[in-house]
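Each number in my numbering corresponds to the 1-based position in the sequence shown with 2 added. Beta carbons: idealized from backbone N, C-alpha and C, even for Gly.
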Amino acid sequence: MRHEPVGPQRPFASIRQYRAKIIGRVGTVQFNFFDSNPDAWPCIRCEGRGRIYIPSGLYEIRGDDIECPCCKGTRVCPRKEFVAAYRKIIENYLAQKRRFKTLSQARRQALKKLTAIERESLQVLGV
Ligand SMILES: [Zn+2]
3 MRHEPVGPQR PFASIRQYRA KIIGRVGTVQ FNFFDSNPDA WPCIRCEGRG
53 RIYIPSGLYE IRGDDIECPC CKGTRVCPRK EFVAAYRKII ENYLAQKRRF
103 KTLSQARRQA LKKLTAIERE SLQVLGV
């Protein structure tokens, strides 16, 4: 039995779902802030934390936790920046989906050209 590989899955159904995913990863204080301010958009760089971690060196475990240079520690960004980041993710997903569809069609067409015994012989490869 041949299985068609599952293609790329859309990472977020909507921009609100993307926002919810990001604020679901921050700490309680930040979550409460974003949860009670639905029109506040989390900074993309620090994901709404207001601080970022900078590793101090390749072999050092401890790095520095500094104020996010993007939002200056405010944890928020303009909506248009958030929308741009979301669109970039969705465009990347759509490009992967198009590539997957192209490869799937090519694979089906290639398999149609084979004889029954050739197709059967490929089953050992999981094709
Ligand atoms: Zn930030």
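Residue i beta carbon near ligand 1 (any heavy atom closer than 7 Å)
i, result
"arginine 121", "no"
"arginine 47", "yes"
"glycine 29", "no"
"arginine 12", "no"
"arginine 21", "no"
"arginine 77", "yes"
Beta-carbon spacing of residue i, residue j below 8 Å
i, j, result
"arginine 89", "glycine 50", "no"
"arginine 53", "glycine 75", "yes"
"phenylalanine 14", "lysine 23", "yes"
"glutamine 98", "proline 10", "yes"
Residue from the options whose Cα sits closest to the Cα of residue i
i, options, result
"phenylalanine 84", "Gly9, Val31, Ala42, Gly29", "Ala42"
"cysteine 70", "Ile56, Arg81, Lys82, Pro80", "Ile56"
Cβ of residue i within 8 Å of any chain B Cβ
i, result
"glycine 128", "Looking for chain B here will not work: only one protein chain is present."
Extent of the continuous alpha helix (DSSP H) to which residue i belongs
i, result
"arginine 18", "17-25"
"aspartate 37", "30-38"
Proximal residues to residue i (C-beta, below 6 Å), its chain only, five neighbours per side dropped
i, result
"glutamate 6", "none"
"tyrosine 20", "Phe14, Tyr88"
Proximal residues to residue i (C-beta, below 7 Å), its chain only, five neighbours per side dropped
i, result
"isoleucine 2", "Because the chain spans 3 through 129 in this model, residue 2 falls outside it and cannot be assessed."
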